[in-house]
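Numbering (full-length UniProt numbering), first residue to last: 1 to 206.
1. Just to check my reading of the structure: residue 173 and residue 38 have Cβ atoms closer than 8 Å, yes? What is that Cβ distance to the nearest angstrom?
2. With DSSP as the reference, label residue 197 as helix, strand or coil.
3. By the three-class DSSP mapping on this structure, what secondary structure does residue 78 have?
4. Ignore the nearest five residues each way along the sequence and tell me which others in residue 20's own chain have a CB closer than 6 Å to its CB.
5. Would you kindly report the start and end of the unbroken beta strand (DSSP E) that includes residue 150?
6. Using C-beta distances below 7 Å, list every residue in its chain close to residue 30, excluding the 5 sequence neighbours before and after it, in chain order.
7. Assign residue 103 to buried or exposed, taking buried as 16 or more other Cβ atoms, counted over all protein chains shown, within 10 Å of its Cβ.
8. In chain order, what residues of the same chain lie with their CB nearer than 6 Å to the CB of residue 58, ignoring the 5 residues before and after it?
9. Considering only their Cβ atoms, is the gap separating residue 144 from residue 237 smaller than 8 Å?
10. Relative to the alpha-carbon of residue 45, which residue among 83, 76, 108 and 121 has its alpha-carbon at the smallest distance?
11. Roughly how many angstroms lie between the CA atoms of residue 148 and residue 169, to the nearest whole one?
12. Quick one, which of 73, 198, 60 and 121 has its alpha-carbon nearest residue 87's?
13. Based on the DSSP secondary-structure assignment, which residues constitute the bridge partners of residue 72?
14. Assuming the contact rule is C-beta atoms closer than 8 Å, residue 64 and residue 90 should be a hit. Round their C-beta distance to whole Å, please.
15. Mind checking residue 193: buried by the 16 CB within 10 Å criterion, or exposed?
16. Is DSSP giving residue 42 helix, strand or coil here?
17. Do you know how far the Cα of residue 54 is from the Cα of residue 10?
18. Would you mind reading off the limits of the alpha helix (DSSP H) that contains residue 173?
19. Roughly how many angstroms separate the alpha carbons of residue 24 and residue 111, rounded to a whole number?
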């Protein structure tokens, strides 16, 4: 199966490996230092939008335990079913992150190890979506690959698509959409070699 097909089937592929992923997804919170940076930037008890939330563990769970209100969005119905079962007091929506629209703004948006499953052209469009759903002063946390290009990885026997823009283009898109970069860590070895971006939305509401 080539990249052309794989990039349009990410959610179906996660549905196919939901049990495998649930068993193998680390709960050690290697992401904690970045999640704590998000918490430091927003009000306690604020609203967090987790795009590509999966089954809500461990990232969504961490924010819930810290007293934040969580909305999770994922195109994998089987992942969302697990999230709803485990966190019945939170809101979880089955939807492709490229197409959802919510009539509200959040204090933070998280797209950890999910945003980079989108093709390059869709990633470019997502920055408008990020801006539309953030409060002024809200923060965006996402991961990308360490360099521009496409790749496939084997997860539970499924070929999962990844893509990244160049570092320069991510910086350009953030500035274009009124974000100020707070943290930019390239190929963090503690996070599987992913590049981590944390940025504050600085445009005032009109």
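Using N, Cα and C, we set each Cβ at its ideal position, and we do this for glycine too.
Inspection of the coordinates gives the following:
1. Going by Cβ atoms, the distance from residue 173 to residue 38 rounds to 20 Å, so no, they are not a contact pair.
2. strand
3. helix
4. 156
5. 149-155
6. 190 and 191
7. exposed
8. 27 and 29
9. There is no way to answer for residue 237, as the model of the chain reaches only from 1 to 206.
10. 108
11. 9 Å
12. 60
13. 50 and 92
14. 6 Å
15. exposed
16. coil
17. 12 Å
18. 167-176
19. 19 Å
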